[in-house]
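Participant:
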Amino acid sequence: MTDYRKIWQELDMDVDRHELILTRLPNAYQRVFLTQRNRPKAMEYYDYIIPELHKMRVKELYDFKGRGGKVVGAFCLYLPQELVLASGAIFVGLCGGSNFTVPDAEQFLPRNICPLIKSSYGFKISRVCPYFQSADLLVGETTCDGKKKVYELLSKICPTYTVELPQKPESEPARELFLEELRALLSKLEELTGNRVTPQSLKKAIEMVNAKRAVLERLNNTRKASPPPISGKDALLVNQISINDDIQRFIGKTTELVEELEERVRNGVGVVDADAPRIMVSGCPMAIPNWKLHNIVENLGAVIVVEESCVGTRFLSMGRVDSSPNDLDGLLKSLVDACLRIHCACFTPNMGRISDILQMVKDFSVDGVIHYSLQTCHDYNIEARKIEKALKQVNVPMLTVETDYSDEDTGQLTTRVEAFLEMLK
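The sequence shown begins at 4 in my numbering and counts up one residue at a time.
In structure tokens:
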């Protein structure tokens, strides 16, 4: 039997506090996921892998590092995991979805900033995230001012490299800037790993991530059915797990799930009645174990059919990255094109996000939209106004929600969501 405590100790983790996190997870997971009816059988894999993300998966990273491999951690879709894989390293997402470490961060950061920033910084300084502790390099990005400043703080305690992201992606100078930034990141990864990235290795990595994106696209497409064959909670979970699971294993297991879902659609099998309100959640990312809003919505009898989010359709909006160029620069330009198709609220004027939302409202037969913002996330809070205006023009109601990772507002959110769903009937 694997001695995970020994591995965590060798990663310089606060083992006792980390185990406290792990003891809290099963009850929350049971309450949110395992009480659902008529779940797809293939969801058993994701039920299995959730606790193993801090055990088996960490051992895989630990063993990989023991063989001389490198691990690169990041938060954002604008940092192409294809480059990390092409360099021979493993890409992992970093912890940042729990209220557990917010008090640690608030000893150093202002209380009135984004909970994701506080949570992630707290995970690092409290040494309770095995992915932070496994990472040989943290790659940040300039999506928002709060994250930029926290990357400065993180650079004092762990190797950190920050990529500049242009704010006006449709301009040619912006594309040239981002291309230069990806060239520089590639050089940094080659320096880290000691491996030279070749057109062949980058092509292979692009095709691998394309395969992951394709299976998630298939999963998403099944949710267009009435009734949908999978709950929003389970679909969110699959997307969350995709960030840190072994990519080949994830593709295989998710293909099994999708085949079951497609069979359910053919047979008219769903997780709710066909007349259940169909909801889109749009806005900020949701990292494990942030399942609060999905749980509230679906416990009230609605079903979430699509997430316009970084842990949702924004990864899919990159499309199939073109792997046909035979030179590195051509492949990097393909990645630039794909990344800048992601319509994050950090962009300006970001009209593409409105177009995306309106199209998804049609494609997924959405009855209502819940715009989800983390507290003090100014980009998403401000954009909510123009999205509500655009939705009003097509007669789709929107509820604006601003929240954090605590459970303190669960009652209030439940009341507001319940009233919103009543309005849709």
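Don't be surprised by glycine CBs; every beta carbon is placed ideally from N, CA and C.
1. Residues in its own chain within less than 7 angstroms of Ala-214 by CB, not counting five upstream and five downstream?
2. Under 6 angstroms Cβ to Cβ from Pro-169, same chain only, skipping five residues before and after it: list those, please.
3. Which residues in the same chain as Asn-102 place their Cβ atom closer than 6 angstroms to its Cβ, once the five residues preceding and following it in sequence are excluded?
4. Could you name each continuous alpha helix (DSSP H) segment of 4 residues or more that falls completely within the stretch 276 to 304, going from the start of the chain to the end?
5. Below 6 angstroms CB to CB, which residues in the same chain sit around Leu-343 once its five sequence neighbours on both sides are set aside?
6. CB-CB under 7 angstroms to Leu-205, same chain, minus the five flanking residues each way: which ones, in chain order?
7. Within the continuous beta strand (DSSP E) that includes Tyr-164, where are the two ends?
8. Let me know the secondary structure DSSP gives Val-74 once reduced to three states.
9. Helix, strand or coil for Glu-405? Go by DSSP, reduced to three states.
10. With distances taken Cα to Cα, identify the nearest neighbour of Asp-325 among Thr-316, Arg-317 and Ser-337.
11. Verify whether the separation of the beta carbon atoms of Met-363 and Thr-316 is less than 8 angstroms.
12. Of all the options Pro-118, Leu-119, Glu-144 and Val-75, which has the alpha carbon lying nearest to the alpha carbon of Tyr-134?
13. CA-CA distance, Glu-193 and Leu-82?
14. Looking only at DSSP bridge pairs, what is Phe-94 linked to?
15. Please report how far the alpha carbon of Arg-281 lies from the alpha carbon of Cys-349, in whole angstroms.
16. Quick one: is Leu-37 buried, meaning 16 or more other Cβ sit within 10 Å of its Cβ, or exposed?
17. Judging by CA-CA distance, which residue of Leu-80, Gly-414 and Glu-13 is the nearest neighbour of Gln-136?
18. Tyr-375 bridges to which residues according to DSSP?
19. Would you call the CB atoms of Pro-43 and Pro-231 closer than 8 angstroms?
20. Grab the span of the alpha helix (DSSP H) containing Ile-116 for me, first residue to last.
21. Classify Gln-243: buried if its beta carbon has 16 or more other beta carbons within 10 angstroms, exposed otherwise.
22. Any idea if Asn-298 is buried or exposed, counting beta-carbon neighbours within 10 angstroms, 16 or more meaning buried?
23. May I ask which residues mark the beginning and end of the beta strand (DSSP E) holding Glu-179?
24. In this structure, does DSSP put Glu-144 in helix, strand or coil?
25. Which residue's Cα is closest to the Cα of Pro-292: Phe-423, Asp-237, Pro-328 and Asp-107?
26. Kindly indicate the opening and closing residues of the alpha helix (DSSP H) around Val-18.
27. Roughly how many angstroms lie between the CA atoms of Leu-119 and Asp-276, to the nearest whole one?
28. In this structure, how does DSSP classify Ile-345 when only helix, strand and coil are distinguished?
29. Taking all protein chains shown into account, do 16 or more other C-beta atoms lie within 10 angstroms of the C-beta of Arg-34, making it buried, or fewer, making it exposed?
30. Do Thr-104 and Ser-129 come within 8 angstroms of each other at the CB atom, strictly closer than that value?
31. Consult DSSP for Val-131 and reduce its assignment to one of helix, strand or coil.
Facilitator: For this structure:
1. Ile-254
2. Ala-177, Leu-180 and Phe-181
3. Tyr-408 and Ser-409
4. 295 to 302
5. Pro-172
6. Glu-85, Ala-89, Leu-331 and Leu-334
7. 163 to 166
8. strand
9. strand
10. Ser-337
11. yes
12. Val-75
13. 15 angstroms
14. Val-75
15. 28 angstroms
16. exposed
17. Glu-13
18. Gly-286 and Val-404
19. no
20. Looking at the DSSP string, Ile-116 is not in any alpha helix (DSSP H), and its letter there is neither H nor E.
21. buried
22. buried
23. No beta strand (DSSP E) holds Glu-179; the alpha helix (DSSP H) holding it covers 175 to 196.
24. strand
25. Asp-237
26. 18 to 32
27. 35 angstroms
28. coil
29. exposed
30. yes
31. coil
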